[in-house]
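Please read the structure below before turning to the comments.
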Amino acid sequence: MTAIEDIRAAILADDLPAVAGLAVPESYRGVVVRKDEVGMFEDQPTRDKDPRRSLHVDEVATPALGPGEALVAVMASAINYNTVWTAIFEPLPTFGFLERYARVSPAAKQHDQPFHVVGSDLSGVVLRTGAGVNRWKAGDEVVAHCLSVELEDPAGHNDTMLDPQQRIWGFETNFGGLAEIALVKANQLMPKAAHLTWEEAAVPGLVNSTAYRQLVSGNGAAMKQGDTVLIWGASGGLGSYATQLALRGGATPVCVVSSPEKAQLVRRMGAELIIDRNAEDYRFWADASTQDPKEWKRFGQRIRELTGGDDPDIVFEHPGRETFGASVYVARRGGTVVTCASTSGYLHEYDNRYLWMQLKRIIGSHFANYSEAWAANRLIKKGFIHPTLSKTYSLEHTGQAAYDVHRNLHQGKVGVRCLAPRDGLGVRDLLLRERLQNEIDRFRGE
Ligand SMILES: NC(=O)c1ccc[n+]([C@@H]2O[C@H](COP(=O)([O-])OP(=O)(O)OC[C@H]3O[C@@H](n4cnc5c(N)ncnc54)[C@H](OP(=O)(O)O)[C@@H]3O)[C@@H](O)[C@H]2O)c1
1171 MTAIEDIRAA
1181 ILADDLPAVA
1191 GLAVPESYRG
1201 VVVRKDEVGM
1211 FEDQPTRDKD
1221 PRRSLHVDEV
1231 ATPALGPGEA
1241 LVAVMASAIN
1251 YNTVWTAIFE
1261 PLPTFGFLER
1271 YARVSPAAKQ
1281 HDQPFHVVGS
1291 DLSGVVLRTG
1301 AGVNRWKAGD
1311 EVVAHCLSVE
1321 LEDPAGHNDT
1331 MLDPQQRIWG
1341 FETNFGGLAE
1351 IALVKANQLM
1361 PKAAHLTWEE
1371 AAVPGLVNST
1381 AYRQLVSGNG
1391 AAMKQGDTVL
1401 IWGASGGLGS
1411 YATQLALRGG
1421 ATPVCVVSSP
1431 EKAQLVRRMG
1441 AELIIDRNAE
1451 DYRFWADAST
1461 QDPKEWKRFG
1471 QRIRELTGGD
1481 DPDIVFEHPG
1491 RETFGASVYV
1501 ARRGGTVVTC
1511 ASTSGYLHEY
1521 DNRYLWMQLK
1531 RIIGSHFANY
1541 SEAWAANRLI
1551 KKGFIHPTLS
1561 KTYSLEHTGQ
1571 AAYDVHRNLH
1581 QGKVGVRCLA
1591 PRDGLGVRDL
1601 LLRERLQNEI
1611 DRFRGE
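Counted from 1, the sequence shown has number 1586 at position 416 by my numbering; the numbering is strictly sequential.
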């Protein structure tokens, strides 16, 4: 058996103490984009850039393990939109991020390679820890959040997202989670929820943590009981967690989706106020450069119909250019638009009179600090918030998985099996699982 097969066999046999004694493989299989292919989609419209052509499964050398780091045997990972951006080389190829990171320290130099192993989520088992790591040891079952920080600068010590050397692991660093082995900082590790399978445990990390900071944390919108929260893309990656966080936190989500099937999914999560943006045919832009405020008003009117007259205290924004003008308009007087992305375009336009005259706020939010990611993971562990896994692919089919997300063909989250040979493995707490099975399976097969 190869070294990687030994590791997989020990994990599948539940012989976790044995993992510490097994050799670390010299190389492993990972999903990469290649530097010599960054021009492959030149002149193609964004929609036609196909991740199935640019994502490859290559054998790569195992990186050196530095102080404060860990190598993890990855059982499962997930597709995030950042993998789509990486795979279509938009808005920029990620190799520039890796070159910049390599300049930070001698240890970071190894991140600058002609390949980029992508992926910002994982569930798996710690293989080795570097010097100075005391909290985690080989054999621990973990998930990893995707905040990589150096923390040598004072600016990051109140909120690690403010560290000048803040990066998203697997997007702005190499050796990410869509692989058999990943390199992480030990302060990315968190305990895996015992009632979930490897693939279920792998999917919430990035989006759940992001939605937690954006919606719940005081660094974001600081949602409170009774708030009305407008959630764009409510059955998507971020939205499916924002919807659950709103419901669990005593708020009322107004969920925007684009099909009856997606409406059904958010209904299953417990949401009652739902807008199908396709069926109601909102056209916030009259043409490529002119918005139509009448459409903002029609949208706002619809929200009031559903809520009995309330405007949103919080608008959970990420579609960006296409929706931002409407989002600013419909937020209540004194309300908050909190944004973490610009899927449809990052040059936003809105009517500032509605912002200043009605004392609204726009807050920028990005991923989450360790403490926020930990709090978000705790909700998963307790079974308060559930994975929204709809489908899993093998590592070899990661390109197809990313294609589905790029084309908005997916629901919730799409998982990828790395060392896990099939779905359904890795559950430790059968009792809790049995109690929550329906909630865990809500998005399955959709
Ligand atoms: N800053 C961060 O830390 C962070 C973290 C996670 C994600 N992101 C970013 O957030 C964005 C969404 O990520 P995700 O994982 O939620 O993706 P996702 O799974 O594709 O879900 C996004 C949903 O937004 C809706 N949507 C897409 N385009 C839209 C448009 N033009 N107008 C209205 N709704 C639209 C779609 O839902 P319907 O079709 O049903 O309406 C879609 O399902 C991406 O750009 C991603 O890069 C940022």
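Glycine included, each C-beta is placed from N, C-alpha and C at the ideal position.
Compare the C-beta of residue 1562 against all C-beta atoms of chain C and say whether one is closer than 8 Å. Considering every chain present, this structure includes no chain C. It has just one protein chain.
Per-residue burial, residue 1327 [other beta carbons within 10 Å of its own, 16 or more giving buried]: Position 157 of the sequence shown holds residue 1327. Exposed, since its Cβ has fewer than 16 Cβ neighbours within 10 Å.
7 Å Cβ shell around residue 1572 - same chain, five flanking residues per side excluded: In the sequence shown, the residue the question calls residue 1572 occupies position 402. Here the set comprises 1221, 1225, 1249, 1253, 1254 and 1257.
Going by DSSP, what residues sit across from residue 1355 in a beta bridge? For the purposes of this step, residue 1355 is taken as residue 185 along the sequence shown, with counting starting at 1. Answer by DSSP bridge pairing, in chain order: 1239.
Paired residues, beta bridge with residue 1285 - DSSP: Reading the sequence shown from its first residue, position 115 is the one you call residue 1285. Its beta-bridge partners are 1204.
Considering just the uninterrupted stretch of the beta strand (DSSP E) at residue 1619, what are its terminal residues? Absent from the model: residue 1619. The displayed extent of the chain is 1171 to 1616, so no value can be given.
For residue 1514, which option in 1492, 1237 and 1187 has the closest C-alpha, if you only look at C-alpha atoms? Start at 1 with the first residue of the sequence shown, and residue 1514 comes out as number 344. Nearest C-alpha to residue 1514: 1492.
Relative to ligand 1, is the shortest distance from any of its heavy atoms to the C-beta of residue 1402 smaller than 7 Å? Translated into positions along the sequence shown, residue 1402 becomes position 232. Within the cutoff, so yes.
With a 10 Å radius around its C-beta and 16 neighbouring C-beta atoms as the bar for buried, classify residue 1490 as buried or exposed. For this step, residue 1490 is matched to residue 320 along the sequence shown. The residue in question, residue 1490, is buried, as its Cβ has 16 or more Cβ neighbours within 10 Å.
Assuming residue 1331 and residue 1486 are in contact, meaning their beta carbons sit under 8 Å apart, how far apart are those beta carbons, in whole angstroms? Looking up residue 1331 in the sequence shown gives position 161. Looking up residue 1486 in the sequence shown gives position 316. Their Cβ separation, rounded to whole angstroms, is 18 Å, which puts residue 1331 and residue 1486 out of contact at 8 Å.
Where does the unbroken alpha helix (DSSP H) through residue 1585 begin, and where does it stop? Here residue 1585 refers to the residue found at position 415 of the sequence shown. According to the DSSP assignment, residue 1585 belongs to no alpha helix (DSSP H) but to the beta strand (DSSP E) extending over 1583 to 1587.
Going by DSSP, what residues sit across from residue 1341 in a beta bridge? Residue 1341 sits at position 171 when you count from the first residue of the sequence shown. Residue 1341 is not bridged to any residue.
Taking all protein chains shown into account, decide if residue 1237 is buried (16 or more other Cβ within 10 angstroms of its Cβ) or exposed. One-based indexing of the sequence shown puts residue 1237 at position 67. Looking at its Cβ environment, which holds fewer than 16 other Cβ atoms inside 10 Å, residue 1237 is exposed.
Indicate whether the contact test is met: 3 or more Cβ pairs, each with one atom in the segment 1287 to 1296 and one in the segment 1359 to 1377, closer than 8 Å. Three or more Cβ pairs drawn from the segment 1287 to 1296 and the segment 1359 to 1377 lie within less than 8 Å of each other, which places the two stretches in contact.
Helix, strand or coil for residue 1577, going by three-state DSSP, please let me know. Residue mapping note: residue 1577 aligns to position 407 of the sequence shown, counting from 1. Here residue 1577 sits in coil by DSSP.
Given a cut-off of 8 Å on the beta-carbon distance, is the pair residue 1584 and residue 1575 in contact? The count along the sequence shown starts at 1 and reaches residue 1584 at position 414. The count along the sequence shown starts at 1 and reaches residue 1575 at position 405. In this structure, residue 1575 lies closer than 8 Å to residue 1584 by Cβ.
One or two residues paired with residue 1605 in a DSSP bridge: Here residue 1605 is taken as the residue at index 435 of the sequence shown, counted from 1. Beta-bridge pairing links residue 1605 to no other residue.
Would you mind listing the alpha helix (DSSP H) stretches within the segment 1468 to 1545 that are 4+ residues and don't spill past its ends, in chain order? 1494 to 1500 and 1522 to 1526
What first and last residue would you give for the alpha helix (DSSP H) that runs through residue 1432? As a working note, residue 1432 is residue 262 in the sequence shown. It spans 1430 to 1438 - the alpha helix (DSSP H) in which residue 1432 sits, taken as one unbroken run.
Helix, strand or coil for residue 1383 per DSSP? In the sequence shown, residue 1383 corresponds to position 213, counting from 1. Helix, per DSSP.
Let me confirm a value: residue 1608 is counted as buried when at least 16 other C-beta atoms fall within 10 Å, else exposed. Which label applies? For the purposes of this step, residue 1608 is identified with residue 438 of the sequence shown, where counting begins at 1. Classification for residue 1608: exposed.
Between the segment 1208 to 1216 and the segment 1190 to 1198, do three or more beta carbon pairs fall short of 8 Å? no
Using only CA atoms, which one of 1312, 1373 and 1398 lies nearest to residue 1357? Translated into the one-based positions of the sequence shown, residue 1357 becomes position 187. The shortest CA-to-CA distance from residue 1357 to any of 1312, 1373 and 1398 is the one to 1312.
Strictly by DSSP, which residues pair up with residue 1591? Your numbering for residue 1591 matches position 421 in the sequence shown. Per DSSP, none; premise fails for residue 1591.
Looking at the secondary structure, which residues open and close the alpha helix (DSSP H) in which residue 1423 lies? Looking up residue 1423 in the sequence shown gives position 253. No alpha helix (DSSP H) holds residue 1423; the beta strand (DSSP E) holding it covers 1422 to 1427.
If you draw a straight line from the C-alpha of residue 1510 to the C-alpha of residue 1171, how long is it? Translated into positions along the sequence shown, residue 1510 becomes position 340. Translated into positions along the sequence shown, residue 1171 becomes position 1. Taking the straight line from one Cα to the other gives about 45 Å.
Distance between residue 1400 and residue 1505 (C-alpha atoms, nearest Å): Position 335 of the sequence shown, counting from 1, holds the residue named residue 1505. Position 230 of the sequence shown, counting from 1, holds the residue named residue 1400. In a straight line, the C-alpha of residue 1505 is about 11 Å away from that of residue 1400.
Taking the C-alpha atoms as reference points, what is the distance between residue 1421 and residue 1230? The sequence position of residue 1421 within the sequence shown is 251, counting from 1. The sequence position of residue 1230 within the sequence shown is 60, counting from 1. So the alpha carbons of these two residues sit roughly 46 Å apart.
So is the beta-carbon of residue 1376 under 7 Å away from any non-hydrogen atom of ligand 1? Position 206 of the sequence shown, counted from the start, is the residue given in the question as residue 1376. Within the cutoff, so yes.
May I ask you to list the residues that DSSP assigns as paired with residue 1361? Taking the first residue of the sequence shown as 1, we reach residue 1361 at position 191. The partner list for residue 1361 (beta bridge, DSSP) reads 1312.
Below 8 Å between beta carbons: does that hold for residue 1274 and residue 1349? Indexing the sequence shown from 1 puts residue 1274 at position 104. Indexing the sequence shown from 1 puts residue 1349 at position 179. Not in contact: residue 1274 and residue 1349 (Cβ atoms no closer than 8 Å).
May I ask you to report which of helix, strand or coil DSSP gives residue 1172? Position 2 of the sequence shown, counted from the first residue, corresponds to residue 1172. Note: residue 1172 maps to coil in three-state DSSP.
State the DSSP-derived secondary structure class of residue 1455, mapped to helix, strand or coil. Here residue 1455 refers to the residue found at position 285 of the sequence shown. Here residue 1455 sits in strand by DSSP.
What is the residue span of the alpha helix (DSSP H) that residue 1136 lies within? Not covered by the structure: residue 1136. The range shown for the chain is 1171 to 1616.
Taking only the alpha-carbon atoms, compute the straight-line gap between residue 1533 and residue 1383 and give it to the nearest angstrom. Mapped onto the sequence shown, residue 1533 falls at position 363. Mapped onto the sequence shown, residue 1383 falls at position 213. So the two alpha carbons sit approximately 11 Å from each other.
Taking 7 Å as the cut-off, does the CB of residue 1547 come closer than this to any heavy atom belonging to ligand 1? By 1-based counting over the sequence shown, the position of residue 1547 is 377. It does not: the Cβ of residue 1547 is nowhere closer than 7 Å to a heavy atom of ligand 1.
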